[in-house]
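These notes concern the structure reproduced below.
Numbering (my numbering), first residue to last: 517 to 618.
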């Protein structure tokens, strides 16, 4: 097994570990988002029921809450995408550096 083969194997291990870490982060964010979504949906339903008796102002607040939550989910997705991109770039640079500096 040559020097570069060992480096390639090590890089593959790092790549797999990063992928596993990203999957864990993605799954955790998805679980949190699902839990929050359910909680928000229940809260919105309750608020909307109350809105029938209290008035249109409460309904507006419930809609705003729903919109804020959707914005939160969009931002979380964007952050995850950015993390993945940065990790890919770092791995690519590291591999390039290793190849360039035997």
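For every residue, glycine included, the Cβ atom is placed at its ideal position computed from N, Cα and C.
Your pair residue 582 and residue 560 checks out as a contact, with CB atoms roughly 6 Å apart and the cut at 8 Å. Secondary structure at residue 537: helix, using DSSP grouped into helix, strand and coil. Taking all protein chains shown into account, residue 578 has 16 or more neighbouring C-beta atoms within 10 Å of its C-beta and is therefore buried.
Nearest Cα to residue 537 within the set 571, 594 and 599: 599. The DSSP-derived three-state label of residue 617 is coil.
The beta carbons of residue 530 and residue 607 sit about 7 Å from each other, so the pair counts as a contact at 8 Å. The C-alpha of residue 549 lies about 10 Å from the C-alpha of residue 586.
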